[in-house]
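The next block holds one structure in the form of structure tokens; read it before the comments.
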Amino acid sequence: MSKITTELLLERAVPRSTRLRKIETLNLSKLQLKTGDLDPRLFSRLRHLQKLDLSDNLLDKFPNSLTLPDLRVLNCNNNKLEDVTALKQFPLLEELTYENNVYLTLNDDYKVMFLLQNLRLLNGKDITKLANHVRRVNSRKLTSKVTAHWEKFFRDQLPKKYTAEQVESLKKKFLQSVQTNVVYGPSSLSEFTRWRVKMIAEEFLACLLGLELNTDPEPEEKMDENEEDSTESPKEAAEDEDPVGDFSSYINNVVVTPRKRKRNNSRAGSGKKRSKSQANMEEEAEDVSAEPLHFLQCHSKSNSREDFKTQLWSCVFEPLLDCGARKDPIVSSCRTVATCGGESVCLIDCETGTVLKKYKVPTEEFFSVAWTTLTMEISDSRKKSHNILVAAGRRGIVKLIHVAADFCYGEIKAHKKPIATVCFSPTRETHLFTASYDKRIALWDIGIPDCDYNFKASQLLLLEALSIPLRIALVPTCPDQYLLAGCEGGCFAWNIKLDKERKSRPFEAIFQFPDEDGGVTSSHRVDGLAFLNDDVVVSKSSKPGCMYLWSWSRSFDTKGKGYQRTVSAVILAELEWSTTDMSYLTLSTCPAKAYVFCGDEKGSVWMYNLSNYTTAWSSAKGKRSDKRIPPTQILKWPELRMNGDQLPEVLVNNVVSDPSFTYLVVLTSVNITAIWKKS
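First residue of the sequence shown? That's 1 in full-length UniProt numbering, and the numbers climb one at a time after it.
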């Protein structure tokens with residue numbers, strides 16, 4: 001039986017009433033109400049209700065036919081709402097609050113702004129200007145993109161005379177294609193964009209082909225031509241508190257004078273000066289392939305503008321949700337990146353330079369971050385995919401963060417010493433590797449949290465190393481069987497197959513490399529390690545001035561028996577790099593574009609396009625390149641000044657691109673995150 005009766009409604013009216021039709025304000029908070037308790041037949045009698053309080057209940061959605069034609073104010077705080085689209089049944093709604101519904105995100109904010117034409121206040125903030133942008137500018141641009149996609153890829157597929165079956169088939173293909181390929185706005189709004197694109201595409205086809213729409217058509221609106229694109233959101237200035245850490249969006253601005261040079265068998269280059277007012281910068285350029293977008297000081301201790309000492313160590317791009325079975329990394333790329341250093345982890349929109357989130361633990365120094373996508377149960381046995389960010393560092397503790405909910409829901413005390421790096425298995429979303437200063441690499445099953453964020457983590461493997469592991473990489477062709485690690489004392493491989501009984505395992509192989517004296521060595525610091533493709537490994541630094549490219553399959557003889565074998569790395573080529581003896585300046589790769597990146601001790605980024613070499617290397621008889629391969633381009637560190645003073649010496653600790661190599665994120669030793677964009 002429903003908890004809501006006529007008597008209850010009359011009693012909870014403000015003031016109390018004798019007839020349902022006279023009620024204008026109604027308080028139904030703190031009644032443990034579920035969606036099924038909202039009886040549309042009973043609510044349809046509240047014809048003059050203007051204010052409704054449903055806060056502190058258990059609602060996961062709204063019924064579609066509550067019929068409250070005069071509702072102006074709605075409070076849904078502290079529920080379990082998962083969707084907001086049913087709110088369109090309240091067209092006169094002016095004020096809406098739904099804070100502390102952990103499954104609602106910024107995408108839902110944008111949906112209600114589009115659906116509710118009279119909405120002025122959302123979660124206590126005036127959204128009039130932003131809502132107009134969403135309804136007009138955003139819709140106009142998406143409509144243009146949808147139309148262009150049809151004209152370019154689908155118009156010629158429609159025959160002059162077509163059957164209903166042909167139309168339905170073409171409609172299905174078009175809707176799928178347009179939602180995948182039409183992109184607009186920040187990646188944090190990708191779900192909203194796909195939702196609007198589908199809506200616009202259905203309206204477009206209905207108009208073009210005379211189809212019937214399943215949903216109510218949205219009214220067309222004229223646009224003010226002077227209105228500009230905006231990335232403002234009602235949540236952006238918020239600073240939410242969390243029991244384990246806090247999120248905020250603090251950022252310092254730096255005046256920049258960058259210089260960029262393209263390497264073309266020469267390290268020098270000059271060009272014509274041009275101005276870029278948005279970043280307050282002047283630059284010298286000559287046929288460059290990347291340009292600086294933003295220089296951010298967002299990891300400062302205590303938010304100090306004078307902090308140029310915090311070291312930044314790790315960054316990784318957020319995976320897009322709802323990618324299904326797509327394997328193309330370019331289609332799955334995103335422009336939101338997680339960075340870590342000092343006491344904080346930041347989420348940054350690379351295009352706008354906006355710090356979307358900031359998570360802080362005052363007693364921690366974060367060294368590594370990694371993403372995974374978990375399918376979590378939300379309610380009534382229904383499931384939904386969510387991105388989870390893990391962060392770890394000096395305390396040996398792994399933090400588990402549900403980013404969309406701004407919530408650190410747990411931690412794993414993984415090691416008694418600092419964690420140098422972490423990574424997730426590409427095939428098992430809950431399997432996390434942690435490499436520690438205790439000379440061990442642990443494999444954890446972090447579990448999947450339930451709707452109350454209860455989870456159970458367990459250790460599955462413990463890999464013993466002879467020295468501190470600095471970088472780890474799973475072998476792409478067999479990620480459930482072999483793991484590589486660059487350590488303080490060499491490059492090692494472990495068998496990580498879980499069907500074996502032994503939980504604690506020594507390494508299976510150690511690799512030998514040429515040294516600077518002309519011999520070979522297996523005892524050297526390897527502080528950079530990554531796969532360029534399924535077989536080619538890039539590593540450094542057994543000798544100064546170069547990085548090695550070598551073949552995993554030709555080096556590691558899987559037929560060999562026993563543990564702790566010494567094997568010679570089959571070198572394919574050497575990359576020319578800085579002659580510095582500075583350690584821990586790590587490298588990264590962009591497999592989809594066959595690029596290698598590595599920063600140096602002068603703030604420069606060395607970039608290598610190896611697409612012309614990979615085919616030859618894939619041959620079993622592929623020979624080693626005789627000469628060192630020079631960088632395709634070197635991005636020079638610009639002159640940065642803060643309060644008129646030039647910044648101190650800059651080391652590039654890490655540099656990472658998104659999967660499509662649109663953005664390049666550079667992490668430095670002076671608390672500056674630099675973001676470059678490929679031209």
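No residue lacks a Cβ here, since even glycine has one placed at the ideal position from N, Cα and C.
Put simply, the backbone Cα of W494 is about 22 Å away from that of A457. Relative to R196, the option among V137, R155, L208 and F154 whose CA is nearest is V137. Note that the C-beta distance between F661 and I571 is not below 9 Å. Within the segment 629-670, the complete beta strand (DSSP E) segments at least 3 residues long are 633-635, 639-642, 652-657 and 663-668, listed from N- to C-terminus. Checking the DSSP bridge columns, you'll see C423 partnered with F433.
Proximity of the segment 409-418 to the segment 378-387 falls short of the contact definition, fewer than three beta-carbon pairs being nearer than 8 Å. Check the Cα spacing between P449 and each of P418, L463, A442 and E429: the tightest is with E429.
Considering only R19, C346, L121 and V526, the residue with the shortest C-alpha distance to N671 is C346. Under a 10 Å Cβ-count criterion, T421 is classified as buried, with 16 or more other Cβ atoms of the shown protein chains found around its own Cβ.
Within the model, the alpha-carbon separation for K360 versus H299 is close to 9 Å. When the Cα atoms are used, K399 and T434 turn out to be separated by approximately 12 Å. Annotation: the continuous alpha helix (DSSP H) that includes E191 extends over S190 to L209. For V403, there is no enclosing alpha helix (DSSP H), as DSSP marks it with neither H nor E. Distance from the CA of T668 to the CA of G603, rounded to the nearest whole angstrom, comes to 8 Å. P292: member of the beta strand (DSSP E) spanning A290 to L296, first to last residue. Within 10 angstroms of the beta-carbon of C334 lie 16 or more other beta-carbons, which makes it buried.
Counting only runs of 3+ residues, the beta strand (DSSP E) found wholly inside the segment 562-590 occupies 565-568, 570-576 and 587-590, in chain order. If you look at S553, you'll find it isn't in any beta strand (DSSP E); it sits in the alpha helix (DSSP H) that goes W552 to S555.
Going by DSSP, V178 is part of the alpha helix (DSSP H) stretching over A164 to N181. Beta-bridge partners assigned by DSSP to V73: K51 and E95. Residue state for Y103 is assigned as coil, using DSSP reduced to three classes. A residue is called buried when at least 16 other Cβ atoms come within 10 angstroms of its Cβ; H386 meets this threshold and is buried.
Only residues of its own chain outside the window of five on either side were considered, and among them L49, Q50, L52, F90, L92 and L93 have a CB closer than 7 Å to the CB of L71, listed in chain order.
Taking the C-beta atoms as reference points, A370 is found nearer than 9 Å to V390. It is roughly 6 Å from the alpha-carbon of G447 to the alpha-carbon of F455. About 4 Å separates the beta carbons of L59 and N79, which is inside the 8 Å limit, making them a contact pair. Residue environment for N612: exposed (fewer than 16 other C-beta atoms within 10 angstroms of its C-beta). Scanning L208, L115, L68 and V14 for the CA closest to the CA of F154 turns up L208. Scanning S177, S29 and E191 for the CA closest to the CA of A148 turns up S177. For the 9 Å CB-CB criterion, T614 and V537 do not form a contact.
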